[in-house]
Amino acid sequence: MGFLVGLLFGLVAGLAIVVFFVRSENSRSNLRTKLATTVAAFARMTVEDSRKILPAEFYPSWVVFSQRQKLTWLNQHLTKIWPYVNEAASDLIKASVEPVLEQYRPVILSSLKFSKFTLGTVAPQFTGVSIVEDGADSVTMELEMQWDANSNIVLAIKTYLGASLPVQVKDIGFTGVFRLIFKPLVNEFPCFGAVCYSLRKKKKLDFTLKVIGGDISTIPGLADAIESTIRDAIEDSIMWPVRKIVPILPGDYSDLELKPVGMLEVKLIQARDLTNKDIIGKSDPYAVLFVRPLPGRTKKSKIINNDLNPIWNEHYEFIIEDATTQHLVVRIYDDEGVQASEFIGCAQVLLSELEPGKVKDVWLNLVKDLEIQRDSKYRGQVHLELLYYPFGMENSFTNPFSSDFSMTSLERVLKNGANGTDDIENEKAVTHKKREIIIRGVLSVTVISAEDLPIIDLMGKADPYVVLTMKKSELKNKTRVVNDSLNPVWNQTFDFVVEDGLHDMLILEVWDHDTFGKDYMGRCILTLTRVILEGEYKDCLPLEGAKSGKLNINLKWMPQPIFRDS
């Protein structure tokens, strides 16, 4: 009897195990089928589908969506023909770069030339290609390039002391974008008249300098001077918008050459909340601005000592060769005297974002590196006014940065006469010839009211008043004190005589009046560009340096020429 019961239980248990195993296999099979279906669905997804599922801010920093096609086939062929390219291109590059090296030769050197120049045996690798839509009569290709070269480059250097040093440029590492332009398109084989080539973007350029049989550090500053010269030579000879033109078919291709197309006017107004780089005291900031980082085309502001909210109010001009790709770069440094300046942050403005003939007022956040898009650390802001105008349209709009702007027609006649640039047609103009313009206009400022001022007094109120200052002329005025109010109303108007509307600015500081002193509440800083353009406007301005608060003002500009005999 026990045997039968055991047999029965064994059969039931065995059957249960078989059923469980079958169901488990079926379940695993279904999971594999679903997983395969999901993987297939992901394989069919486009970049846009991925962005809809997961926003860009959730991607890790190493995820990049590239619109470029791979170029494995090109790299294979380039590796095969590279020995011939090396031989043909080395002499060409040497002949074109040597004059540029001489142009940027450091003053401590009497001669700087190549004694050896070969590109080496390692071919560059093209990691991607894209087509840029930029016109109907051309085709533009951009190729991502990476090159870890074993070039044999030796510079023959001579100093004014008579020393000769062979300096080897080695361990070259380059990553960037190479641009090819096929233009113009013609109905004759190979269907384009010329090829332009240039380095569109320089993402990384590393190299080391070594004196053959010696130590480059024996001459202080030599390594830095040579490195700076090499970088400037590359920037000036091959970096976009500079381009090299190779004619394919006979014709005139002068329109493809590098030419200025416009002018960028920049007013560097101020910066705020800069990162403090000094252990004792505050940073001494200054700004460096450029469109092309060349020695003769880089602008440097004055140094503002011990201030994390510097006011510069300086005006610069930059020549533009390609408004679609060029950009303005602003770099802020802390001056350290005889030591190297310490970097605070940088920002950039794309010229393609500017409307020609329109002044743009911008606050830019400073970042550590323009190539790193996810830099979340706050380093401060810089305030700019920008105006881009292509050549040929200067007379179609009003340029507030022009020295002639806001002058009456009589003023222009007098100015031109005083400069001897216009013919004097009558005796009246002659009498005005020696007169000097001493006043450009009158700025009328109405301080209307303030809103939501920060609490300063212990009783939860404040006794605010406003101090108005013209920065250049240092003229000052102040409103009356409004007692026990965080929303004061003044409705007071002040007139300032302005001699130079381009370089002057209005500073409005709000103070809390106390019996034994005063407490700072915040400020507003205004250039005169907008009021000169519009004539009159009303605005509500947030207070800088305060947790809350706004200031309501009305500004009016009245040209009022006054003359005196020189």
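Count the sequence shown with UniProt numbering and you get residues 1 to 566, in order.
No residue lacks a Cβ here, since even glycine has one placed at the ideal position from N, Cα and C.
On a predicted model such as this, the values are computed, not experimentally measured, just so you know.
Look up SER237 in the DSSP assignment and say whether it is helix, strand or coil. helix
For ARG200, which of helix, strand or coil comes out of DSSP? Collapsing the DSSP output to three states places ARG200 in a strand.
ILE332 versus PRO295, GLY357, LYS277, GLY545, residue with shortest Cα-Cα distance: LYS277
Could you tell me the alpha carbon to alpha carbon distance between LEU119 and ASN365, rounded to whole angstroms? So the two alpha carbons sit approximately 41 Å from each other.
If you draw a straight line from the alpha carbon of ILE226 to that of VAL211, how long is it in whole angstroms? Cα to Cα, ILE226 sits roughly 12 Å from VAL211.
Alpha carbon to alpha carbon, what distance is there between TRP147 and VAL97? Cα to Cα, the separation comes out at about 19 Å.
Would you call the region 316-327 in contact with the region 291-300, where contact means no fewer than 3 C-beta pairs closer than 8 Å? yes
So, for SER341: in the same chain, excluding its five sequence neighbours on each side, which residues have a beta-carbon less than 7 Å away from its beta-carbon? The beta carbon of SER341 lies closer than 7 Å to those of TYR333, ASP334, ASP335 in the same chain, with the five residues before and after it left out.
Starting from VAL382, trace the beta strand (DSSP E) both ways and give me its first and last residue. 381-390
Checking the sheet assignment: what are the DSSP bridge partners for TYR84? Looking at the DSSP assignment, TYR84 forms no beta bridge with any residue, so it has no partner.
When the Cα of TYR537 is compared with those of ALA163, ALA233, SER444, which residue comes out closest? SER444
ASN309 and ASP284 closer than 8 Å at C-beta: Cβ distance not < 8 Å, so ASN309 and ASP284 don't count as in contact.
What would DSSP say about THR33, mapped onto helix, strand or coil? helix
Sorted by chain position, which residues of the same chain lie with C-beta nearer than 6 Å to LYS183's C-beta, five sequence neighbours on each side aside? Around LYS183: SER138.
Whether HIS383 touches LEU350 by CB criterion (8 Å): no
Taking contact to mean 3 or more Cβ pairs, one atom from each stretch, closer than 8 Å, check whether the region 505-525 and the region 533-547 are in contact. Yes, the region 505-525 touches the region 533-547.
Among the residues of its own chain, which have a CB less than 7 Å from the CB of CYS191, if the five just before and after it don't count? LEU185
Would you say GLY501 lies against chain D (beta-carbon separation less than 8 Å)? Note that chain D does not occur in the displayed structure, where there is just one protein chain.
Suppose you measure from the CA of LYS170 to the CA of GLU474; what does that come to, to the nearest Å? 56 Å
Start and end of the beta strand (DSSP E) containing GLU509? 505-514
How is the alpha helix (DSSP H) around LEU486 delimited, first residue to last? No alpha helix (DSSP H) holds LEU486; DSSP gives it neither H nor E.
In this structure, how does DSSP classify ALA156 when only helix, strand and coil are distinguished? strand
For ARG23, is the classification buried or exposed, using 16 other Cβ atoms within 10 angstroms of its Cβ as the cut-off for buried? exposed
To the nearest angstrom, how far is it from the Cα of TYR160 to the Cα of TRP312? 40 Å
Could you tell me which of ASP134, SER111, MET558, LYS202 sits nearest to SER164, measuring between CA atoms? SER111
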